[in-house]
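Visitor: Residue numbers (numbering that gives the first Met the number 0), protein chains in the order written: chain X, 0 to 290; chain E, 0 to 348. A virtual CB, placed ideally from N, CA and C, is assigned to each residue, including glycine. Keep in mind the model is a prediction, meaning the values are calculated, not measured.
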Amino acid sequence: MTDLIQMIVSGIATGSSYALMGLAMVIIYKTSEVPNFAQGEMALISSFFAMMLLTSFNLNVYLAFSLAFLFAAVLGCFLEFAVLRRAKEPNVLGMIVITIGIEMVILGFVSWKFGAEQKTMPFPIDPYDSLFIGDIFLKKLDILTLVSALVLMVVLFVFFRFSKLGLAMKATQQNSVAARIVGVRTNRILMVTWGISSLVGAVAGLLISPTIMHPYMMWDPMLKGFAAAVMGGMTSLPGAVVAAYMLGIIENLFGGYISIEFKTVVAFVIIVAVLCFKPSGLFARHYVKKV
Amino acid sequence: MDMKRDYYEDVRLFSSPAVVFWFVVLLGALYLFPLFAENYYVYVANYIAINIIVATGLNLLVGYTGQISLGHAGFFAIGAYGTIILMAKAGLPFLLALPGAALIAAGFGFFLGLPSLRLEGPYLAIATLGFGLTITQVIGRVQLFGGREGLHAPDITIGSWIIDTDKEFYILLITLTIFLLLFMRNLIRTRVGRAFIAIRDADIAASTMGVNILYYKTLAFAVSAFYAGIGGGLYAFVLKFIEPEIFTLMMSIMFLAMVVVGGLGSMMGSIAGATLLCWLDLKLRNILSIPYIGDWLEHLSKNWFSITGVSNIQFIVFGTIMILIMLFEPLGLFGVWIRTKKYWRTWPF
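Take a look at the structure:
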């Protein structure tokens, strides 16, 4: 019984980092319909930027992290402004190829600058520091990840539903021509969206970096986050989070009871199975395509 | 000059006698190439030819049928492992093992094609991506496939012809490549190819016109997987040794990049894209030995990046090429070629 609870708890912890990445992807897809494969690498470069500030410039942790978040937001805005906006005939495949291109460029620069080996991140919380509740142990870092995921989800949900900017984002997604007519600057909205999404991704990156820190560290969280976002319906924030936690828990239970070796692939099997029955994901309304 | 007057003129294999002439010249040049080239260049040519096969197959799926696949490394791996296992464990000759393994890959392609009937865009991307990753994981864990240690390729014998050098393998490979390319060309210009294109342009409209979507979408996946399987089977003999780490997501991305850089929906594009990216890949691995650029990069790297040299510069170059192609010429190298041709044909105007 303790085993089971322990596995579920660890699953929730893993799910939290997937949830953050999933949220970041949903934010972009919601407004611009771009499946952003560069999300992981944008988070990657932000966390390496934070590490550089901490180790080479000896900055205060909070200052370094704030600067890293600022860097992430500016990077997101810049990529939208300089690359995505310039695309001539945007279709899904084109956008996927462009974001994969961005991903490869960032990956190349990060591994050139920092090398491929494992780094240590001077994070304020020790990644192996844990507390016990009864028989169950919880890593402090996991608690922080969980709390940040939940807080960010609530903040983003409220932001999208009630704030003026959030409503403008929704309008841009639903009908960008009409949004422009009523005075929404859709270009600027898209830029801000990329900034916010990059920021959320950077939170995930920074929370992962104490345990794993090398140029490929974001591949697994990014793919799982993307999988969760797809499973949740690509446009639904709560959907992505619920799906991310489901994936995290199922993955851990599968690893614990059936086969630890195939733990990483079970998520994709679930995805394909879910998509066969609900092709638009679990939480999205299925729009019927017109000819 | 380029005007097509009737249907049969439009679907001809060669549009003029001049094209036939140059085609024969090209064939001759390809077969005479190993007589004059050094071993390394024959190896490069083998590497490129394999990627041309896979890129052509993927182009059928992405460029002609309009589906996305980020899992072609999976089919490639099935082809590679299937061929070696059918030869080494089941004792089949190479000429049966290669298509056998490719048919297995095509079977997997058929099954992957089934969900594609309901999925599109990012949903299809994640499903195919998951397929590719799953195949690599499974291969790495099952003892029959050699696990993490990998497998060694046996020697190829066809009748009494034992193929053990790169040059001999080149002759076999180039024959297969030409055959497969001609097959693809014929497939695309016939009824089946037109059905694929109709599905790409508007699948619902195509189905109202009587195109069987179920049949043609899964067929596109199966044929594409077959080509990837053949490519994989041949690749195993170029490397002589295969292990699961070769068939990564990055490989699937590279295949997609070849198709996109070359030009979607054009066979010349696939050939050009595969050639360019493979050649760049091999060149960029030792970029520091290129004069001028190498010195400059080393200097730049020492001052601003790391002192250990430039390790992953090919990622930066490929990423930049992909972005620039999508931004400025969505039709890829083929689009550049078309524009250049038009410019010169209509020249002072």
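Would the stretch 224-236 of chain E and the stretch 91-107 of chain E be scored as touching if the rule is three or more Cβ pairs under 8 Å?
Guide: When Cβ pairs closer than 8 Å are counted between the two stretches, the stretch 224-236 of chain E is seen to touch the stretch 91-107 of chain E, the count reaching three or more.
Visitor: Does the contact criterion of 3 or more C-beta pairs under 8 Å hold for the stretch 91-105 of chain X versus the stretch 24-37 of chain X?
Guide: yes
Visitor: Does S129/X come out as helix, strand or coil in the three-state DSSP assignment?
Guide: Here residue 129/X refers to the residue found at position 130 of the first sequence. Strand, per DSSP.
Visitor: Count the C-beta pairs between the stretch 61-68 of chain E and the stretch 184-202 of chain E that are closer than 8 Å, then say yes if the count reaches three, no if not.
Guide: yes
Visitor: Assign A266/X to buried or exposed, taking buried as 16 or more other Cβ atoms, counted over all protein chains shown, within 10 Å of its Cβ.
Guide: Here residue 266/X refers to the residue found at position 267 when the first sequence is read from its first residue. Label assigned to A266/X: buried.
Visitor: Quick one: what's got a C-beta closer than 7 Å to A115/X's C-beta in the same chain, skipping five residues either side?
Guide: Sequence index remark: in the first sequence, residue 115/X carries index 116 (1-based). Cβ neighbours of A115/X beyond the five flanking positions: H213, P214.
Visitor: Hey, how far is the Cα of P209/X from the Cα of G107/X?
Guide: Here residue 209/X corresponds to residue number 210 of the first sequence, with the count starting at 1. Here residue 107/X corresponds to residue number 108 of the first sequence, with the count starting at 1. C-alpha separation (whole angstroms): 22 Å.
Visitor: So what's M0/E in DSSP terms, helix, strand or just coil?
Guide: By 1-based counting over the second sequence, the position of residue 0/E is 1. At M0/E the pLDDT is 49, less than 50, meaning the model places this residue with poor confidence; the figure from the coordinates comes in the next sentence. Correct three-state label for M0/E: coil.
Visitor: Consider the Cβ of L118/X: report whether some Cβ of chain E lies at a distance smaller than 9 Å.
Guide: Walking along the first sequence from the start, residue 118/X turns up at place 119. The residue asked about is misnamed: residue 118/X is Lys in this sequence, not Leu. Chain E contact via Cβ: absent.
Visitor: Output the residue ranges of the beta strand (DSSP E) runs that lie fully inside the stretch 158-185 of chain E and measure 3 residues or longer, sorted by chain position.
Guide: 160-162
Visitor: Helix, strand or coil for F48/X? Go by DSSP, reduced to three states.
Guide: Sequence index remark: in the first sequence, residue 48/X carries index 49 (1-based). Three-state result, F48/X: helix.
Visitor: Got a sec? Which residues, its chain only, sit under 6 Å from S15/X by beta carbon, not counting five neighbours each side?
Guide: Mapped onto the first sequence, residue 15/X falls at position 16. So the list reads T144, L145, A148, once near-sequence residues are dropped.
Visitor: Would you kindly work out how many angstroms separate the C-alpha atoms of S403/E and D125/X, rounded to a whole number?
Guide: What is shown of chain E runs 0 to 348, which leaves residue 403/E out entirely.
Visitor: On a CA-only basis, which of R117/E, G192/E, L150/E is nearest I203/E? Give me that one, please.
Guide: Walking along the second sequence from the start, residue 203/E turns up at place 204. Nearest C-alpha to I203/E: R117/E.
Visitor: Based on the DSSP output, what are the partners of F240/E in its beta bridges?
Guide: The sequence position of residue 240/E within the second sequence is 241, counting from 1. Looking at the DSSP assignment, F240/E forms a beta bridge with H151/E.
Visitor: Against chain E, with Cβ distances strictly below 9 Å, would G280/X count as a contact?
Guide: Sequence index remark: in the first sequence, residue 280/X carries index 281 (1-based). Interface residue, yes.
Visitor: To be precise: take each residue of the stretch 31-64 of chain E, compare its Cβ to all Cβ atoms of chain X, and keep it if any distance is under 9 Å. Which residues remain?
Guide: V61
Visitor: Leaving out five residues before and five after S115/E in sequence, what residues of the same chain have Cβ atoms less than 7 Å from its Cβ?
Guide: One-based indexing of the second sequence puts residue 115/E at position 116. Short of 7 Å from the beta carbon of S115/E, and not among the five residues preceding or following it, lie these beta carbons of its own chain, in chain order: Q66, L123, K216, F220.
Visitor: Report the partner residues of F136/X according to the DSSP bridge assignment.
Guide: Along the first sequence, one-based indexing puts residue 136/X at 137. Looking at the DSSP assignment, F136/X forms a beta bridge with F131/X.
Visitor: Tell me which same chain residues have a C-beta within less than 6 Å of the C-beta of L330/E, skipping the five on either side of it?
Guide: Along the second sequence, read from residue 1 onward, the residue named residue 330/E stands at position 331. The residues are G262.
Visitor: Between A42/X and the rest of its own chain, which residues show a CB-CB distance below 7 Å, the 5 nearest in sequence each way excluded?
Guide: Indexing the first sequence from 1 puts residue 42/X at position 43. Taken in chain order, the residues that qualify are G200, A201, A203, G204, M217.
Visitor: Along the stretch 252-266 of chain X, where does the CB come closer than 7 Å to a CB of chain E? Name the residues.
Guide: E260, F261, T263, V264
Visitor: State the DSSP-derived secondary structure class of T217/E, mapped to helix, strand or coil.
Guide: Position 218 of the second sequence, counted from the first residue, corresponds to residue 217/E. T217/E: helix per DSSP, three-state reduction.
Visitor: Using CA coordinates, which residue listed in F333/E, P33/E, V191/E is at the minimum distance from G268/E?
Guide: Walking along the second sequence from the start, residue 268/E turns up at place 269. Checking every option, the nearest Cα to that of G268/E belongs to F333/E.
Visitor: Listed in chain order, which residues of the stretch 212-224 of chain E have Cβ atoms closer than 9 Å to some Cβ of chain X?
Guide: none
Visitor: Starting from the C-beta of F48/X, find all residues in its chain whose C-beta is less than 6 Å away, skip the five residues before and the five after it, and write them out in chain order.
Guide: On the first sequence, position 49 is the one that residue 48/X refers to. If we look at F48/X and ignore the five residues flanking it on each side, its Cβ neighbours are A67, F70.
Visitor: Restricting to Cα atoms, I'd like to know which of S197/X, M120/X, I207/X, A226/X is closest to L132/E.
Guide: For the purposes of this step, residue 132/E is taken as residue 133 along the second sequence, with counting starting at 1. Comparing Cα positions, the closest option is A226/X.
Visitor: If you measure from the beta carbon of M0/E to each beta carbon in chain X, is any gap under 9 Å?
Guide: Residue mapping note: residue 0/E aligns to position 1 of the second sequence, counting from 1. Confidence at M0/E is low in this model, with a pLDDT of 49, below 50, so the placement of that residue should be treated as unreliable; the coordinate-derived value is given next. Not closer than 9 Å to any Cβ of chain X, the Cβ of M0/E fails to qualify, so no.
Visitor: Counting only beta-carbon separations shorter than 9 Å, does E119/E have a partner in chain X?
Guide: For the purposes of this step, residue 119/E is taken as the residue at position 120 of the second sequence. Chain X contact via Cβ: present.
Visitor: With respect to the alpha helix (DSSP H) encompassing A239/X, which residues constitute its N-terminal and C-terminal limits?
Guide: Within the first sequence, numbered from 1, the residue matching residue 239/X stands at position 240. For A239/X, the enclosing alpha helix (DSSP H) starts and ends at 236-256.
Visitor: Is V82/X closer than 9 Å to I322/E when the C-beta atoms are compared?
Guide: Taking the second sequence and counting its residues from 1, the one referred to as residue 322/E is at position 323. Taking the first sequence and counting its residues from 1, the one referred to as residue 82/X is at position 83. Their beta carbons are under 9 Å apart, which means I322/E touches V82/X by this criterion.
Visitor: What residue range does the alpha helix (DSSP H) around F22/E cover?
Guide: Along the second sequence, one-based indexing puts residue 22/E at 23. 16-35 is the span of the alpha helix (DSSP H), which, as asked, contains F22/E.
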